[in-house]
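Have a look at the structure below, then the notes.
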Amino acid sequence: MATQSALAQAGKIKAPMVVLFGRDESGRAHASRFAAEHHQAAIGAAAMMGFRALAVQDPEAGELATKTPAGKLFASGKAFVPFVKSATAEALERYAADHPDRVIVLPKASAPKAAGGASSGAVPAMIEASDDQPKDWSEIKVGARVLAVGDPDDGWWEAIVQHVHEGGTKGHPKPMLTLRWEHFEDEAAFVRSISQIAMLHPDYHAGDTEGADTTPALSGSGVTGSDSKPKAEG
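For what it's worth, our numbering labels the leading residue of the sequence shown as 3, then goes sequentially.
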């Protein structure tokens with residue numbers, strides 16, 4: 003079964019080098035690279051700092067990584083991500099736009115401005131799960147509840163589709179989905195190819211497992227009802 007094969011392979015994924023990049027409030031570009039052994043810590047730093055984390059998985063990304071300085075992790079969980087040339091930042095941004103499935107962490111959308119120009123600090127509202135859940139892959143749309151993996155060690159978790167990129171993106175003809183974790187609304191949105199998610203049984207509803215020893219219809223989904231938060235890799 004293809005899904006079981008994908009689940010089996012998930013635990014064998016080797017963490018790649020990561021490049022953190024983004025712009026500060028003044029629009030100045032920052033970027034730095036982190037070795038594979040610092041994969042998780044770098045991703046966590048990106049989430050804390052509002053930067054993107056890009057998985058280095060092909061020669062083009064590897065070449066971009068060589069143009070960024072080595073980063074440094076701090077005990078606070080944040081990282082040293084120094085300034086880089088505009089050309090380097092723009093190249094990273096183009097690559098991320100063309101390869102959204104390689105972007106592990108997406109920064110949260112800017113908070114709306116309050117009266118007087120100050121940020122209200124509000125987190126953009128998440129589109130909630132629809133009552134009309136998909137029965138087939140072709141029916142996946144905004145509001146669909148699906149399963150996605152943030153970190154292979156954490157298993158599969160419920161996520162809600164926020165946007166469907168119907169035509170895919172440059173270099174990725176398969177539909178791409180912007181998702182958010184259903185039970186962790188303060189987490190940033192993330193992008194997955196439709197081939198990187200799993201479907202739940204259409205009759206499944208959140209809360210169905212409360213007080214009962216049941217699991218979602220997808221065998222081996224990893225959804226356990228635990229309150230543990232999935233790692234911010236997606």
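Ideal placement from N, C-alpha and C gives every residue a C-beta, glycine not left out.
Since the structure is predicted, the reported quantities are computational estimates derived from the model, not experimental observations.
Please report the residue range of the alpha helix (DSSP H) in which Ala55 lies.
It is not in any alpha helix (DSSP H) - Ala55 instead sits in the beta strand (DSSP E) that spans 54-58.
Pick out whichever of Pro136, His165, Thr180 has its Cα sitting closest to the Cα of Arg194.
Among Pro136, His165, Thr180, the Cα nearest to that of Arg194 belongs to Thr180.
The beta strand (DSSP E) that contains Leu202, what's its start and end?
Leu202 -> no beta strand (DSSP E), and no H or E assigned at all.
Got a sec? Which residues, its chain only, sit under 6 Å from Met128 by beta carbon, not counting five neighbours each side?
Apart from sequence neighbours up to five positions away, the residues of its chain that approach Met128 with a beta-carbon distance below 6 Å are Arg182, Glu187, ordered along the chain.
In three-state terms, what does DSSP make of Thr68?
In the structure shown, Thr68 falls within a helical segment according to DSSP collapsed to helix, strand and coil.
For the beta strand (DSSP E) that Ser34 lies in, which residues bound it at each end?
First-last of the beta strand (DSSP E) with Ser34: 31-36.
For Asp153, does the count of other Cβ atoms within 10 angstroms reach 16, so buried, or fall short, so exposed?
So Asp153 ends up on the buried side.
Suppose you measure from the CA of Lys74 to the CA of Lys137; what does that come to, to the nearest Å?
Taking the CA atoms as reference points, Lys74 sits about 46 Å from Lys137.
How should Ala191 be labelled, buried or exposed, when 16 other C-beta atoms within 10 angstroms of its C-beta is the threshold for buried?
So Ala191 ends up on the buried side.
Output the distance between the C-alpha atoms of Lys87 and Met50, rounded to the nearest integer angstrom.
A direct Cα-to-Cα measurement between Lys87 and Met50 gives close to 23 Å.
Restricting to Cα atoms, I'd like to know which of Ala93, Phe53, Arg30, Ala38 is closest to Val107.
Nearest option by C-alpha distance: Phe53.
If you measure between the beta carbons of Leu56 and Phe36, is that distance less than 8 Å?
Cβ atoms of Leu56 and Phe36: not closer than 8 Å.
Output the boundary residues of the alpha helix (DSSP H) element that contains Met51.
Run containing Met51: 41-51, per the alpha helix (DSSP H) assignment.
Residue of Thr90, Asp205, Pro71, Phe76 minimising C-alpha distance to Ser132
Nearest C-alpha to Ser132: Asp205.
On the DSSP letters alone, give me the boundaries of the beta strand (DSSP E) that Ala161 sits inside.
Annotation: the continuous beta strand (DSSP E) that includes Ala161 extends over 158-167.
Cα separation between Ala63 and Tyr97?
Going from the Cα of Ala63 to the Cα of Tyr97 covers about 8 Å.
Out of curiosity, what's the CA-to-CA distance linking Ala77 and Asp134?
If I take the Cα positions, the gap works out to 45 Å.
Residue burial classification, Pro84 (beta-carbon count within 10 angstroms, cutoff 16):
Label assigned to Pro84: exposed.
Residue of Lys143, Trp158, Gly157, Val151 minimising C-alpha distance to Gln164
Here the closest residue by C-alpha is Lys143.
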